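These notes are about the structure you will find just below.
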Amino acid sequence: MNSPPLPSRRSAVAPFIAMDVLREARALERQGRRIVHMELGEPGAPAPRAVREAAERALSEGVIGYAEALGRPDLRRRIARHYADAYGAEISPERVVVTTGSSGAFVLAFLAALDQGARVALTAPGYPAYANILAALGLEPAFIEIGRETRFAPTAAALEAEHRRRRLQAALLASPANPTGSMIDSAEFAKICAFCAEAGILLVSDEIYHGLSYAQPCETTLAHSRHAIVVNSFSKYYAMTGWRLGWLVAPESLVRPIERLQQSLAISAPTLAQIAALEAFEATAELEAAKAGYARSRALMLERLPQLGLDNFAPPDGAFYFYVDVSRFSADAAAFCRRMLEEAGVAATPGIDFDRARGGRAVRFSYAGPEAEIRLGLDRLAAWLGKNGAR
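What the sequence shown shows, in this note's numbering, is residues -2 to 388, in sequence order.
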């Protein structure tokens, strides 16, 4: 071969702009700048102490070998028990698969359940990696536009309309959702599940932000559907982002196909993280203290953002994000974010990361970091907007 290889068509996915913003923010920090990070959904709290201590014990004892492809049996049992404890939902540990983050869970779920060309409903705005994973796997995203009129929550009627327009094979929904923090009402979720069952649509439920709700409890899709695929992770509520550990609950018919795929794609999720994660379920007091910090930051942003003229948003129900229309100050949210980073030292993610068609005037602000950091970010934002005004 006399010329360098060309990238494949399947690799031509859109960039994950939040990570690009992080890279630019880190470059400024290397120059000595103090940057406030409101671009990533990364908990400011560390992993629970018991989790870290369990990892240290395991390392001191010696070899950390492969785990079973479906995950360590003790962790699968504990995850199944979590559904009984948290939701009153009885599931067999045999349906639980431990994965390399929730990202690994989505890849396994889509490969096991869908053939190339399948159409998968997604919300817009929504988490950008959904569409990128689908595209890389040869699947077709079908975007359902949502807005403030439904508090950025999808409805069964909108899903049915898209299915009637052109048949769907699957739907991927999140509650609480990224980037809006919106939650789907329990009655509406029941309608969505009923419609998917009637229409033969596979429902994939992203529950990664469960545990992080402020006005109403989270409800697992397993309460409404035995045939849905549920994805969760230790990254958000359990503050274990870098441990790269997630899980999925699959229908019995998909467990063996997922196991075969896992054997070849990853062998197993990280064993050290699995050992340590057992302790995460026993760290409720520590985790709830961290959640209380997020709740205080949320309350602060609910108060301060309107004072800054950034009042065009739907108050988030959960997660740790505000999705804010900034068109009062700029018609180009990406340019707004670049200037905010350079001039105010505040990193946030432009809405085009979450909605390529309509996100040009929106910005996602994360309040996942330490409370003092969020307060500093708002103070800097106030000074910057006050100095520059609308433009």
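Idealized CB from N, CA, C, for every residue including glycine. Everything numeric in this text was worked out from a predicted model, so none of it was measured.
Considering only C-alpha positions, which residue in the set the options is nearest to residue i?
i    : options                : result
V95  : L269, A174, L302       : L269
R163 : D376, E249, A139       : A139
M298 : E368, A81, F186, I76   : E368
G38  : M180, L209, R293, T152 : L209
F362 : L3, M35, G29           : M35
P12  : D314, D350, R27, A332  : D350
I181 : L302, D203, Q166       : D203
R335 : A212, A196, L25        : L25
A212 : I371, P313, Q113, A109 : P313
Y364 : Y235, Y63, R293        : R293
F107 : D308, L200, A64, R54   : L200
A168 : E21, I130, R116, S183  : R116
I371 : R54, F319, R353, E340  : F319
H160 : I130, A194, V104       : A194
Y63  : I130, Q260, A22, A83   : Q260
A66  : V93, R49, A55          : V93
Between which two residues does the alpha helix (DSSP H) holding residue i run?
i    : result
G98  : 98 to 110
V10  : Run containing V10: none; DSSP gives neither H nor E here.
L382 : 368 to 385
V48  : 46 to 58
L338 : First-last for L338: undefined, no H or E at that position.
H160 : 153 to 162
A328 : A328 -> no alpha helix (DSSP H), and no H or E assigned at all.
M298 : 281 to 304
Output yes or no for whether 9 Å exceeds the beta carbon distance between residue i and residue j.
i    : j    : result
F326 : N385 : yes
V227 : T217 : yes
L170 : L136 : no
G243 : A42  : no
A128 : A273 : no
G348 : P173 : no
G366 : V33  : yes
A287 : I198 : no
S265 : G59  : no
T152 : R241 : no
I141 : A155 : yes
T346 : I143 : no
A280 : A47  : yes
L72  : Q304 : no
G356 : A330 : yes
H221 : F186 : yes
L165 : A236 : no
A282 : P122 : no
I205 : S99  : yes
P40  : P70  : no
E157 : A184 : no
G383 : G178 : no
By Cβ distance below 6 Å, which residues in the same chain neighbour residue i in space, the five residues on each side in sequence not counted?
i    : result
A311 : R145, R148, F149
P248 : H224
C215 : H207
S57  : none
S232 : T238
A263 : T97
D352 : A121, P122
D322 : N309, R358, A359
Y124 : N175
Looking at the strands, I want to know which residues DSSP matches up with residue i.
i    : result
N229 : W244
A126 : Answer is none; A126 lacks a bridge partner.
S210 : G315
R73  : Partner(s): none; R73 has no beta bridge.
V93  : V246
A34  : Residue identity check: residue 34 is His in the sequence provided, not Ala. H34 is bridged to A344.
A167 : V117, L199
Would you give the residue range spanned by the beta strand (DSSP E) that residue i belongs to?
i    : result
L119 : 116 to 121
Y318 : 318 to 322
E137 : 137 to 142
D203 : 199 to 203
A404 : Any answer about residue 404 is impossible in this case: the structure gives the chain only from -2 up to 388.
R257 : Segment 249 to 262 is the alpha helix (DSSP H) holding R257; no beta strand (DSSP E) there.
R361 : 359 to 363
Tell me which residues share the same chain as residue i and place their Cβ nearer than 8 Å to its Cβ, disregarding the 5 neighbours each side in the sequence.
i    : result
R7   : A132, A133, L134, G135
Y80  : A86, E87, I88, T217, L219, V246
V343 : I32, V33, M35, M337, G374, R377, L378, W381
G114 : G135, L136, E137
R30  : G342
L19  : H34, E36, L37, A344
Excluding the 5 residues preceding and the 5 following residue i in the sequence, name in chain order all residues of the same chain whose CB lies nearer than 7 Å to its CB.
i    : result
R75  : L275, F278
A109 : L251, P254, I255, L258
A387 : Unreliable positioning characterises A387 in this predicted model, as indicated by a pLDDT of 46, which lies under 50. The coordinate reading is nonetheless provided below. Here the set comprises R325, F326.
Quick check: is any heavy atom of the ligand FMN less than 8 Å from the C-beta of residue i?
i   : result
Y63 : The ligand FMN is absent from the structure shown, which contains no ligands of any kind.
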